[in-house]
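J.:
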């Protein structure tokens, strides 16, 4: 008898329902009709691992994991890229929040580009809905505003006046929200490129808004994000290069985390990403971070775990990004681990092998019996699975968090 057997009843599924549609149905907030993009982005119909993302971090972590979210898609009119949904559609918004929760995510960093921008219009729709969602750890799903330098194009006057006007708006509309992200009781606001744009006096801004914790983009300018006047902390970002190098250079991570140790009283917001490809972003040109079939994603966490532990916690981790389909960073549709599955049968033992084993979390053996799919789980190191009766079986290879899943062909045991 199979150990740990669980039965999954899929309502309305007839016995003739194929294993592919039953076990590998699209399970993300993306539109299943959206096809893969040439920049390494998977199709919207991908079946993605829902293993808790915190399992990739060091044991005992209390890190809040946030997705960088760009609410700028309008349902099909976006130049060059069509994701077949609108960030302002409540059906999508609910699917988005539910997807985040299912993957163990704690909150959202909203890329905000001014009160007249679509990013604000869409987030005003999303804001009341987020209150209905609780994370797997039992806390409120939270959000914070990331002030994107593009907001400077949406206001008049000096850059200083533009930033002050933006802060006045978010202060009255967002910062007192019960779901707003705080650190030591104060709201966290990100600076994505405002410092690099110039003409911004952070001392004056902090004096005007003493309760805000400003966290700055690290590679925006010199001094670094920790060294900007009145800085409450800094966040890391993906650092693409003009050539597609394998493996990609992740030394900027080491540099950032090493410098963060010099600023123990400030906020460190780490980064994890699958890769970068600017092929569909005309403003980027040819810029790359190779995905390496999921290795870049996993190495992002390896770097974090080299510098932080349960005694020295990383406060925040930003996943870069949830939905920048232009730059090839979206995690919404999952991460391609290029995995192939091979199975064979000897007597009543199923033999399993697969490529890119380090991207796999566990295996599941599935069979269809008495109008229900029956499943048993096995460690990722499993190479043989004994079965007790004849039938048709499938091995589902479940990826590590955010990695796409794979399904074997039918395995007939006589």
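Numbering (mature numbering (1 follows the signal peptide of the UniProt record, and there is no 0)), first residue to last: -16 to -1, 1 to 398.
All C-beta atoms, glycine included, are put in the ideal place defined by N, C-alpha and C.
These numbers were taken from a predicted model, which means no experiment stands behind them.
(1) Using C-beta distances below 7 Å, list every residue in its chain close to residue 383, excluding the 5 sequence neighbours before and after it, in chain order.
(2) Look at the Cβ atom of residue 238, then the Cβ atom of residue 225, and state whether they are nearer than 8 Å.
(3) So residue 345 is in the beta strand (DSSP E); what residue range does that whole segment cover?
(4) Which class does residue 278 belong to by DSSP, given the choice of helix, strand or coil?
(5) Candidates 172, 339, 328 and 190: which alpha carbon is nearest residue 443's?
(6) Can you name the start and end residues of the alpha helix (DSSP H) that residue 110 belongs to?
(7) Following the continuous alpha helix (DSSP H) through residue 148, name the residue where it begins and the one where it ends.
(8) Quick check: the segment 267 to 275 against the segment 334 to 343, are at least 3 beta-carbon pairs closer than 8 Å?
(9) Which of the three DSSP states, helix, strand or coil, is assigned to residue 137?
(10) Sort 315, 331, 211 and 325 by Cα distance to residue 37 and report the nearest one.
(11) May I have a chain-ordered list of the alpha helix (DSSP H) segments no shorter than 4 residues that lie completely inside the segment 6 to 35?
(12) On the three-state DSSP scale, how would you describe residue 38?
(13) Is the beta carbon of residue 182 less than 8 Å from the beta carbon of residue 199?
(14) Would you kindly report the start and end of the unbroken alpha helix (DSSP H) that includes residue 86?
(15) With 16 as the cutoff for other CB atoms within 10 Å, does residue 332 come out buried or exposed?
(16) Between which residues of its own chain and residue 236 is the CB-CB distance below 6 Å, once the five residues before and five after are set aside?
(17) In its own chain, which residues sit with a C-beta less than 7 Å from the C-beta of residue 194, not counting the 5 before and 5 after it?
(18) Starting from the C-beta of residue 367, find all residues in its chain whose C-beta is less than 8 Å away, skip the five residues before and the five after it, and write them out in chain order.
(19) Return the first residue and the last residue of the alpha helix (DSSP H) that residue 186 is part of.
(20) What does a CB cutoff of less than 6 Å around residue 109 pick up in its chain, not counting 5 residues either side in sequence?
(21) Just checking, does the segment 2 to 15 make contact with the segment 244 to 260 on the three C-beta pairs under 8 Å criterion?
(22) By a C-beta neighbour count over all protein chains shown, 10 Å radius and 16 as the cutoff for buried, is residue 280 buried or exposed?
(23) Three or more C-beta pairs closer than 8 Å, one from the segment 306 to 315 and one from the segment 358 to 367: is that the case here?
T.: On the basis of the supplied data:
(1) If you number the chain shown from 1, residue 383 lands on position 399. These residues qualify, in order along the chain: 33, 321, 343, 344, 345 and 389.
(2) As a first step, residue 238 must be located in the chain shown, where it is residue number 254. As a first step, residue 225 must be located in the chain shown, where it is residue number 241. Not a contact, by the Cβ cut-off of 8 Å.
(3) Within the chain shown, residue 345 is the residue found at index 361, counting from 1. Counting along the chain, the beta strand (DSSP E) containing residue 345 begins and ends at 344 to 353.
(4) Against the chain shown, residue 278 aligns to sequence position 294. Here residue 278 sits in helix by DSSP.
(5) Nothing can be reported for residue 443, as the shown portion of the chain is limited to -16 through 398.
(6) Indexing the chain shown from 1 puts residue 110 at position 126. Where residue 110 is concerned, the enclosing alpha helix (DSSP H) stretches over 102 to 114.
(7) Along the chain shown, one-based indexing puts residue 148 at 164. Note, residue 148: alpha helix (DSSP H), 143 to 157.
(8) no
(9) Within the chain shown, residue 137 is the residue found at index 153, counting from 1. Looking at residue 137 - three-state DSSP - the assignment turns out to be helix.
(10) Numbered from 1 along the chain shown, position 53 holds the residue referred to as residue 37. Here the closest residue by C-alpha is 315.
(11) none
(12) If you number the chain shown from 1, residue 38 lands on position 54. It is helical.
(13) As a working mapping, residue 182 is identified with position 198 in the chain shown. As a working mapping, residue 199 is identified with position 215 in the chain shown. No. Outside cutoff.
(14) By one-based count along the chain shown, residue 86 stands at place 102. Looking at the DSSP string, the run of the alpha helix (DSSP H) that includes residue 86 is 74 to 86.
(15) Position 348 of the chain shown, counting from 1, holds the residue named residue 332. Classification for residue 332: exposed.
(16) For the purposes of this step, residue 236 is identified with residue 252 of the chain shown, where counting begins at 1. Excluding residues within five positions, the ones whose Cβ falls inside 6 Å are 223.
(17) The residue labelled residue 194 in the question sits at position 210 within the chain shown. Excluding residues within five positions, none has a Cβ falling inside 7 Å.
(18) Counting from 1 along the chain shown, the entry for residue 367 is found at position 383. Closer than 8 Å at the Cβ level, and outside the excluded window around residue 367, lie 335, 336 and 337.
(19) The residue labelled residue 186 in the question sits at position 202 within the chain shown. Where residue 186 is concerned, the enclosing alpha helix (DSSP H) stretches over 186 to 192.
(20) Here residue 109 refers to the residue found at position 125 when the chain shown is read from its first residue. Closer than 6 Å at the Cβ level, and outside the excluded window around residue 109, lie 72.
(21) no
(22) Position 296 of the chain shown, counted from the start, is the residue given in the question as residue 280. It is buried - the Cβ of residue 280 has at least 16 other Cβ atoms within 10 Å.
(23) no
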